[in-house]
Amino acid sequence: MPDLTLLAALVGGLVILAFAGDFLVNGAVALARRIGVSPLVAGILIVGFGTSAPEMVVAVDASSQGQPGIAIGNIVGSNIANVWLVLAVPAFLIPLATQQFGLRRSYWIMIAVTALWIGWTAFLPLTPVFGFILLGSLIIYSILMLVWTSQGIRKGIDVGLEDEGESLGTTAMWLNLIVGLVGLPLGAHLIVEGGVGIARVYAVPEEVIGLTLLAIGTSLPELGAGIAAGLRRRGEVVIGNVIGSNIFNLAGSGAIIAFFGPTELAPTFLQFDHWALAAAAIVLGLFVLSRSRVTRIAALAMLLAYAAYIYGLVHGWDITGEVENWIGRS
1 MPDLTLLAAL VGGLVILAFA GDFLVNGAVA LARRIGVSPL VAGILIVGFG TSAPEMVVAV
61 DASSQGQPGI AIGNIVGSNI ANVWLVLAVP AFLIPLATQQ FGLRRSYWIM IAVTALWIGW
121 TAFLPLTPVF GFILLGSLII YSILMLVWTS QGIRKGIDVG LEDEGESLGT TAMWLNLIVG
181 LVGLPLGAHL IVEGGVGIAR VYAVPEEVIG LTLLAIGTSL PELGAGIAAG LRRRGEVVIG
241 NVIGSNIFNL AGSGAIIAFF GPTELAPTFL QFDHWALAAA AIVLGLFVLS RSRVTRIAAL
301 AMLLAYAAYI YGLVHGWDIT GEVENWIGRS
């Protein structure tokens, strides 16, 4: 398969995946409203799942083809990109507020799921047992969000739900659903084929492809939604979407990968990428827990941090090794 064909498959798959995810969300929310599902359920579950659907579909396709490095790199890289790229770009355009109802409680769930992922994989491979634990965490999160948001609505609090998909007609609704349902698996298949092919031709580890190109590509739906929400001065919605997407990525897509296990993680995750994942989660907490605005200066710092992360990934930085050496000398 020629190199240009591999590159075309990867780029084409990313483009298809980004558009298909958006079509699926719009169509699914419109269908939910048509059949009487409340805007609450549509907003939290369907939109939350829909923006993470690209990562989930890639996880299924890559894991089923025996390419777990692509799948794991995709979700870990996406969670890092969500904070240092998806959050930073809208904040660089317009400073973002962090006042959304239930935001801090959702953040603590994200921290718990992130700590669970890092802690488990530091000592054990991904297994179906861990998959059920992650899936249970996702179910608990969804139930809690429904309860919290219902309480907020009863108290007359703005819970930040958008009326997406409400204006779609019947034909447009079904077209959106069909395009989304067909486009997602097609885009995921092209991404895996192109990504694995490029990795083999240029001797690039599959994990690096997943952590960079795929992670950024599958984060495009969140980035587009974030820019739109930021321009509408709904900064709390941007941060809420980042937190929800990170939870769905690890607990949903991570569970899918684990079900195909046992799967050992490549050394890069434990040596470098999980440090970046933890750092991104902590940085996000600095704003959410203090309810501080994400300023342009903070956004620039996060973009520079993401550039440093990519540089360190490409050059094989080993933070775990450095920490172990420091402890040994002290």
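UniProt numbering puts the first residue of the sequence shown at 1, with every later residue one more than the last. Backbone N, C-alpha and C define an ideal beta-carbon position, used for all residues, glycine too.
The beta carbon of Leu135 sits closer than 6 Å to those of Ala255, all from its chain and outside the five residues before and after it, given in chain order. Residue state for Thr98 is assigned as coil, using DSSP reduced to three classes. Around Val288, the same chain offers Thr98, Leu103, Arg104, Tyr107, Ile239 and Ile243 as residues with beta carbons nearer than 8 Å, after the five sequence neighbours per side are excluded. Bounds of any alpha helix (DSSP H) do not take in Phe269, whose DSSP letter is neither H nor E. In this model, Gly131 and Asn79 are separated by some 18 Å (Cα to Cα). Leu31 is positioned such that its CB atom lies closer than 8 Å to that of Leu177. Nearest to Gly69 by C-alpha distance, out of Leu186, Leu223 and Val192, is Val192.
Judged by beta-carbon spacing, Val83 lies beyond the 8 Å limit of Leu250, meaning their Cβ atoms are not closer than that value.
The beta carbons of Val86 and Ser219 sit about 5 Å from each other, so the pair counts as a contact at 8 Å. Secondary structure at Thr295: coil, using DSSP grouped into helix, strand and coil.
Counting other Cβ atoms within 10 Å of its Cβ, Arg200 stays below 16 and is therefore classed as exposed.
DSSP places Thr127 outside both helix and strand once states are collapsed to three, so it counts as coil.
Classified as buried, His274 has 16 or more neighbouring CB atoms from the shown chains inside 10 Å of its CB. Going by C-alpha positions, Leu214 is about 12 Å away from Gly12.
Around the beta-carbon of Tyr141, 16 or more other beta-carbon atoms lie within 10 Å, marking it buried. In this structure, the CA atom of Gly194 is about 34 Å from the CA atom of Glu322.
At a Cβ-Cβ threshold of 8 Å, Gly210 and Ala9 do not count as neighbours. Straight across, the Cα-Cα distance linking Arg296 with Arg329 is about 40 Å. In this structure Arg33 is buried. Its beta-carbon is surrounded by 16 or more other beta-carbon atoms within 10 angstroms.
The closest CA to that of Leu184, considering only Ser63, Gly312 and Val57, is found on Val57.
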